[in-house]
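Report on one structure; see the data block that follows.
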Amino acid sequence: MTEMTDAAVLSDEAATERPDLTQVIREAILDAQFAPHQRLIEADLSERYGASRAAVRTALLNLAGEGLVERLPNRGARVRAITVDEAIEIVEVRIGLETLCARKAAENLTPVDADRLRTLRADIESAIGSGDLVSYSRLNQELDRRIRDLSRHGTATQLLERLRAQSARHQFRLAFHPGRAATSAPEHIAIIDAILAKDPDAAEAATRAHLSGIVEVLHGME
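What follows is the structure, encoded as structure tokens:
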């Protein structure tokens, strides 16, 4: 009886430590390991991630609900391609949510948070100064995550993470759009400085200006 109980505990611990398959496949899609319109075959994913077909099927259903994957009648699933029009709509929705988070971040800022934000500010300036657009794109994502965390607004954070997943490829393209980094870097610095100043109004205005600029660039990609 004890052995069975111990085995059950070990099984529960292994399940707890096992990475969430939905998250694993989501990150693979965001990292461009799977291309838009690429078919996602359950048997292949099962072998790749050492998971059951049932677990893969559940993960794909979850990702379909997030808009990252689309189910095909009698053909399984594939990575969903987000159109420019959809990307624009997503950014328009993000404006309301991210300005809220920026306000909350400015209101909630602690001295420890401020020190970390200053370090991130310096890293962004360094990446731009060296022309390292790959690092700059990664730091932009880190800034977005940091502001969400500082906001301590669970609902806005959950919604933004789903929206970010859907528009990740367009965000990456934007980072490499000619002249975009030179424009967006000062915008990001302005957002950081407003939060460091604990000025909610300025943080909201800087965030709105930055995202409105993204909408304009996306319109140019249509």
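Position 25 (the sequence shown) corresponds to 25 in the numbering used here; numbering is contiguous.
Every residue, glycine too, gets a C-beta built ideally from N, C-alpha and C.
As the structure is a prediction and not an experimental result, all values here were calculated from the model.
Please work out which residues of its chain come closer than 6 Å, Cβ to Cβ, to residue i, disregarding the five sequence neighbours upstream and downstream, and give them in chain order.
{"i": "residue 194", "result": "202, 203, 206"}
{"i": "residue 77", "result": "40, 60, 69, 71"}
{"i": "residue 22", "result": "59, 62"}
Measure the CB-CB distance between residue i and residue j and report whether it falls below 9 Å.
{"i": "residue 152", "j": "residue 108", "result": "yes"}
{"i": "residue 101", "j": "residue 190", "result": "no"}
{"i": "residue 212", "j": "residue 90", "result": "no"}
{"i": "residue 111", "j": "residue 79", "result": "no"}
{"i": "residue 160", "j": "residue 116", "result": "no"}
Apart from the five residues just before and just after residue i, which ones in its own chain have a Cβ nearer than 7 Å to its Cβ?
{"i": "residue 165", "result": "26, 30, 66, 68"}
{"i": "residue 200", "result": "103, 106, 107"}
{"i": "residue 221", "result": "84"}
Out of the options, which one is the CA nearest neighbour of residue i?
{"i": "residue 158", "options": "98, 197, 119", "result": "98"}
{"i": "residue 32", "options": "81, 210, 51", "result": "81"}
{"i": "residue 120", "options": "179, 93, 196", "result": "196"}
{"i": "residue 182", "options": "128, 212, 210, 74", "result": "128"}
{"i": "residue 216", "options": "150, 198, 188, 184", "result": "184"}
{"i": "residue 187", "options": "57, 144, 45, 167", "result": "144"}
{"i": "residue 150", "options": "113, 133, 28", "result": "113"}
{"i": "residue 92", "options": "163, 134, 64", "result": "163"}
{"i": "residue 192", "options": "118, 57, 130, 34", "result": "118"}
Assign residue i to one of three DSSP states: helix, strand, or coil.
{"i": "residue 115", "result": "helix"}
{"i": "residue 72", "result": "strand"}
{"i": "residue 78", "result": "strand"}
{"i": "residue 120", "result": "helix"}
{"i": "residue 159", "result": "helix"}
{"i": "residue 152", "result": "coil"}
So, at 8 Å on beta carbons, what are the nonlocal neighbours of residue i in its own chain, with the 5 sequence-adjacent residues on each side left out?
{"i": "residue 43", "result": "53"}
{"i": "residue 209", "result": "187, 190"}
{"i": "residue 12", "result": "Residue placement at residue 12 cannot be trusted, given a pLDDT of 43 that sits under 50; what the coordinates show is reported in the next sentence. So no residue of the chain qualifies."}
{"i": "residue 139", "result": "120, 123, 124, 127"}
Relative to the ligand MG, is the shortest distance from any of its heavy atoms to the C-beta of residue i smaller than 8 Å?
{"i": "residue 211", "result": "With respect to the ligand MG, the structure offers nothing, as it holds no ligand at all."}
I'd like to know if residue i contacts chain C, where contact means its C-beta is closer than 9 Å to some C-beta of that chain.
{"i": "residue 103", "result": "As a matter of chain content, chain C is missing from the structure shown, which is built from one protein chain."}
So, do the stretch 45-54 and the stretch 83-94 have three or more beta carbon pairs nearer to each other than 8 Å? Contact fails: fewer than three Cβ-Cβ distances are below 8 Å.
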